[in-house]
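2 protein chains.
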Amino acid sequence: MLRVADLLNTGRMTDPIRPTDDEARALAQSLLSSARFTALAVQDPETGAPYVSRIALSAGQGAAVSLVSALAYHTQALRADPACALLVGEPGQKGDALAHPRLTVQARAAFIPRPSDQHEKMAAQYLRDHPKAKLYLSLGDFSFVRFEPVRAFLNGGFGRAFHLRAGDLIPAAGA
Amino acid sequence: MLRVADLLNTGRMTDPIRPTDDEARALAQSLLSSARFTALAVQDPETGAPYVSRIALSAGQGAAVSLVSALAYHTQALRADPACALLVGEPGQKGDALAHPRLTVQARAAFIPRPSDQHEKMAAQYLRDHPKAKLYLSLGDFSFVRFEPVRAFLNGGFGRAFHLRAGDLIPAAGA
Numbered sequence: 001m002l003r004v005a006d007l008l009n010t011g012r013m014t015d016p017i018r019p020t021d022d023e024a025r026a027l028a029q030s031l032l033s034s035a036r037f038t039a040l041a042v043q044d045p046e047t048g049a050p051y052v053s054r055i056a057l058s059a060g061q062g063a064a065v066s067l068v069s070a071l072a073y074h075t076q077a078l079r080a081d082p083a084c085a086l087l088v089g090e091p092g093q094k095g096d097a098l099a100h101p102r103l104t105v106q107a108r109a110a111f112i113p114r115p116s117d118q119h120e121k122m123a124a125q126y127l128r129d130h131p132k133a134k135l136y137l138s139l140g141d142f143s144f145v146r147f148e149p150v151r152a153f154l155n156g157g158f159g160r161a162f163h164l165r166a167g168d169l170i171p172a173a174g175a
Numbered sequence: 176m177l178r179v180a181d182l183l184n185t186g187r188m189t190d191p192i193r194p195t196d197d198e199a200r201a202l203a204q205s206l207l208s209s210a211r212f213t214a215l216a217v218q219d220p221e222t223g224a225p226y227v228s229r230i231a232l233s234a235g236q237g238a239a240v241s242l243v244s245a246l247a248y249h250t251q252a253l254r255a256d257p258a259c260a261l262l263v264g265e266p267g268q269k270g271d272a273l274a275h276p277r278l279t280v281q282a283r284a285a286f287i288p289r290p291s292d293q294h295e296k297m298a299a300q301y302l303r304d305h306p307k308a309k310l311y312l313s314l315g316d317f318s319f320v321r322f323e324p325v326r327a328f329l330n331g332g333f334g335r336a337f338h339l340r341a342g343d344l345i346p347a348a349g350a
């Protein structure tokens, strides 16, 4: 029976991990900056098992942020262990979902004190992407969390995978 | 400043965790059985940190399965630790993504031996949902993994959250 390596040898499929180039960086940055929500993977604080939920997202210049409720399970998880991962790049309802590019970002969550100047600055930016967040911002249980990238994995479709460093997610100055 | 509890006390918001009823079970079952892909959260075998990727999915009668490559990082992760979590229920491109119902399923991954009768049976079912998987099925690196639910969390939109047991994901006989 054929194996993936056989396809590689016949040239029908390229090495699944490609050298990271500017095109890959630009695609990763675009997927992250255009995301308005994400799958957030955390460690379940009760069991240590993986847990994943959907949260809103706003990202600019490589720093993704979300406004989270202290009552939410993912928030309790991040308070217990800030290691997490995001998945952005949403396929449409039709067609092959696995042909659609997506980006995994492994990150560490940093909570923003409230009140603080940083909170106010983030609120202004966040409301541009999420106007309905005004209600949540008015509640003291909600605060911002910033996701500091550790490393990332870009899957641009079958046979187009890249490993990225945190710096690859930040647009070059002047770009 | 107002807090979420204040809204609860004034009746403007209900308890975020509701008692699980048949409507919640039906919605959870529908989200799972109609999913053709999922965010899969695993523990990174290199670092122990959370990792999340997108995989194809086919689910019927509460047992979700995927066809995965031995070369994929999530497969290596599941081989090292079968504890994982799935997120299904995709929002459209427009509107408020967090108003769209979604289901988190914490599960344990069980790999299906190949060759085996079970593999052949799963292949027939899987191809109905994923006709293009025929190519992958012809490669010896790919095998089926079944996700055995442990517990689940349904978020039917703001203020509509439910905790579910594994049995809640299985349609009642005759339903």
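Chains A and B, in that order, are what the protein sequence lines are. To convert, note that position 158 of the first sequence is 158 in my numbering; the numbers rise steadily by one, no gaps. To convert, note that position 44 of the second sequence is 219 in my numbering; the numbers rise steadily by one, no gaps. Here a beta-carbon is modelled for each residue, glycine too, at the ideal position from N, C-alpha and C.
For this session: Grab the span of the beta strand (DSSP E) containing S313(B) for me, first residue to last.
Result: For this step, residue 313(B) is matched to residue 138 along the second sequence. Looking at the DSSP string, S313(B) is not in any beta strand (DSSP E), and its letter there is neither H nor E.
For this session: Work out the CA separation of V320(B) and K309(B) for me, nearest whole Å.
Result: For this step, residue 309(B) is matched to residue 134 along the second sequence. For this step, residue 320(B) is matched to residue 145 along the second sequence. Distance between the alpha carbons of K309(B) and V320(B) is about 16 Å.
Exercise. In the DSSP assignment, what are the bridge partners of P225(B)?
Worked result: Along the second sequence, one-based indexing puts residue 225(B) at 50. Answer by DSSP bridge pairing, in chain order: Q218(B).
Exercise. In the structure shown, what three-state DSSP assignment does S205(B) receive?
Worked result: Taking the first residue of the second sequence as 1, we reach residue 205(B) at position 30. The answer is helix: DSSP assigns S205(B) an H, G or I state.
Exercise. Where does A350(B) fall in DSSP's three states?
Worked result: Residue mapping note: residue 350(B) aligns to position 175 of the second sequence, counting from 1. For A350(B), the pLDDT reaches just 49, beneath the cut-off of 50, and the residue's location in the model is therefore unreliable, leaving the point undetermined.
Problem set entry | Sub-7 Å separation of L232(B) and L139(A) beta-carbons | Sequence index remark: in the second sequence, residue 232(B) carries index 57 (1-based). Sequence index remark: in the first sequence, residue 139(A) carries index 139 (1-based). Going by C-beta atoms, L232(B) is not nearer than 7 Å to L139(A).
Exercise. Which of the three DSSP states, helix, strand or coil, is assigned to G267(B)?
Worked result: The residue given as residue 267(B) occupies position 92 in the second sequence. Here G267(B) sits in coil by DSSP.
For this session: Please say whether T104(A) and L87(A) have beta carbons closer to each other than 7 Å?
Result: On the first sequence, residue 87(A) is found 87 positions in, with the first residue counted as 1. On the first sequence, residue 104(A) is found 104 positions in, with the first residue counted as 1. Result yes, Cβ atoms of L87(A) and T104(A) sit closer than 7 Å.
For this session: Report yes or no: do three or more beta-carbon pairs, one from the region 155–164 of chain A and one from the region 287–304 of chain B, lie closer than 8 Å?
Result: no
For this session: Work out the CA separation of D6(A) and P276(B) for me, nearest whole Å.
Result: Locating residue 276(B) in the second sequence gives position 101, where the first residue counts as 1. Locating residue 6(A) in the first sequence gives position 6, where the first residue counts as 1. Cα to Cα, P276(B) sits roughly 42 Å from D6(A).
For this session: Can you give me the start and stop residues for the alpha helix (DSSP H) that R254(B) sits inside?
Result: One-based indexing of the second sequence puts residue 254(B) at position 79. Unbroken alpha helix (DSSP H) run through R254(B): 248–255.
Problem set entry | Cut-off 7 Å between Cβ atoms - residues of its own chain near P191(B), not counting five sequence neighbours on either side | Stepping through the second sequence from its first residue, residue 191(B) is reached at position 16. Result list for P191(B): G334, A336, in chain order.
Exercise. With 16 other CB atoms within 10 Å as the buried threshold, where does G25(A) fall?
Worked result: As a working note, residue 25(A) is residue 25 in the first sequence. In the sequence under discussion, the amino acid at residue 25(A) is Arg, which differs from the Gly named in the question. Burial call: buried.
For this session: Rank P220(B), S205(B), E295(B), Q218(B) by C-alpha distance to the C-alpha of L242(B) and give the top, closest one.
Result: If you number the second sequence from 1, residue 242(B) lands on position 67. It is E295(B).
Exercise. Closest by CA to P257(B), which one among L312(B), K269(B), E265(B), Q281(B)?
Worked result: For the purposes of this step, residue 257(B) is taken as residue 82 along the second sequence, with counting starting at 1. Checked all of L312(B), K269(B), E265(B), Q281(B); the closest Cα to P257(B) is Q281(B).
Problem set entry | Within chain B, the residues that D129(A) reaches when beta carbons sit closer than 7 Å | The residue given as residue 129(A) occupies position 129 in the first sequence. Residues of chain B passing the Cβ test: none, with the nearest at roughly 12 Å.
Exercise. Since P324(B) sits in a beta bridge, which residues does DSSP pair it with?
Worked result: Here the question's residue 324(B) lines up with position 149 in the second sequence. Looking at the DSSP assignment, P324(B) forms a beta bridge with A282(B).
Problem set entry | Check whether L237(A) and P149(A) have beta carbons under 7 Å apart | Outside the displayed span of chain A (1 to 175) sits residue 237(A), for which this structure offers no information.
For this session: Would you give the residue range spanned by the beta strand (DSSP E) that L339(B) belongs to?
Result: On the second sequence, position 164 is the one that residue 339(B) refers to. Unbroken beta strand (DSSP E) run through L339(B): 336–340.
Problem set entry | Check whether V227(B) and A245(B) have beta carbons under 7 Å apart | In the second sequence, the residue the question calls residue 227(B) occupies position 52. In the second sequence, the residue the question calls residue 245(B) occupies position 70. It is not a contact, given that the beta carbons lie outside the stated cut-off.
For this session: Just the C-alpha distance for S33(A) and E265(B), rounded to the nearest angstrom, thanks.
Result: Residue mapping note: residue 33(A) aligns to position 33 of the first sequence, counting from 1. Residue mapping note: residue 265(B) aligns to position 90 of the second sequence, counting from 1. Rounded to the nearest angstrom, the two C-alpha atoms are 19 Å apart.
For this session: Could you run through the region 61–76 of chain A and flag, in chain order, every residue whose CB is less than 9 Å away from some CB of chain B?
Result: S69, A70, L71, A72, Y73
Exercise. Taking the beta strand (DSSP E) that A63(A) falls in, what are its first and last residues?
Worked result: In the first sequence, residue 63(A) corresponds to position 63, counting from 1. Looking at the DSSP string, the run of the beta strand (DSSP E) that includes A63(A) is 63–69.
Exercise. Can you tell me whether DSSP reads R178(B) as helix, strand or coil?
Worked result: In the second sequence, residue 178(B) corresponds to position 3, counting from 1. R178(B): coil per DSSP, three-state reduction.
For this session: Decide if D21(A) is buried, meaning its Cβ has at least 16 other Cβ atoms within 10 Å, or exposed.
Result: Your numbering for residue 21(A) matches position 21 in the first sequence. Exposed, by the Cβ-count rule.
Exercise. Taking 7 Å as the CB-CB limit, is Q293(B) close to chain A?
Worked result: Here residue 293(B) corresponds to residue number 118 of the second sequence, with the count starting at 1. Not closer than 7 Å to any Cβ of chain A, the Cβ of Q293(B) fails to qualify, so no.
For this session: Count the other CB atoms, across all protein chains shown, that sit within 10 Å of the CB of G332(B); report buried if there are 16 or more and exposed otherwise.
Result: Along the second sequence, one-based indexing puts residue 332(B) at 157. Exposed: under 16 other Cβ atoms inside 10 Å.
Problem set entry | A347(B) versus A234(B) - alpha carbon distance | Your numbering for residue 347(B) matches position 172 in the second sequence. Your numbering for residue 234(B) matches position 59 in the second sequence. Each residue's alpha carbon lies about 16 Å from the other.
For this session: Would you verify that the beta carbon of Y126(A) is, or is not, closer than 7 Å to some beta carbon of chain B?
Result: Sequence index remark: in the first sequence, residue 126(A) carries index 126 (1-based). Judged by the 7 Å Cβ criterion, Y126(A) is not in contact with chain B.
Exercise. Under the rule that 16 or more other beta-carbon atoms within 10 Å means buried, what is T222(B), buried or exposed?
Worked result: Taking the second sequence and counting its residues from 1, one reaches residue 222(B) at position 47. So T222(B) counts as exposed.
Exercise. Do P225(B) and A85(A) come within 7 Å of each other at the CB atom, strictly closer than that value?
Worked result: The count along the first sequence starts at 1 and reaches residue 85(A) at position 85. The count along the second sequence starts at 1 and reaches residue 225(B) at position 50. In contact: A85(A) and P225(B) (Cβ atoms closer than 7 Å).
Problem set entry | Buried versus exposed, by CB contacts within 10 Å (16 or more), L329(B) | As a first step, residue 329(B) is located in the second sequence; it is residue number 154 there, counting from the start. L329(B) should be labelled buried.
Exercise. Closest by CA to R283(B), which one among G267(B), V240(B), I230(B), Q300(B)?
Worked result: The count along the second sequence starts at 1 and reaches residue 283(B) at position 108. Here the closest residue by C-alpha is V240(B).
Problem set entry | Inter-residue Cα distance where the pair is F147(A) and A110(A) | Taking the first sequence and counting its residues from 1, the one referred to as residue 147(A) is at position 147. Taking the first sequence and counting its residues from 1, the one referred to as residue 110(A) is at position 110. So the alpha carbons of these two residues sit roughly 6 Å apart.
For this session: Name the two residues that bound the continuous alpha helix (DSSP H) containing A234(B).
Result: For this step, residue 234(B) is matched to residue 59 along the second sequence. Segment 233–235 is the beta strand (DSSP E) holding A234(B); no alpha helix (DSSP H) there.
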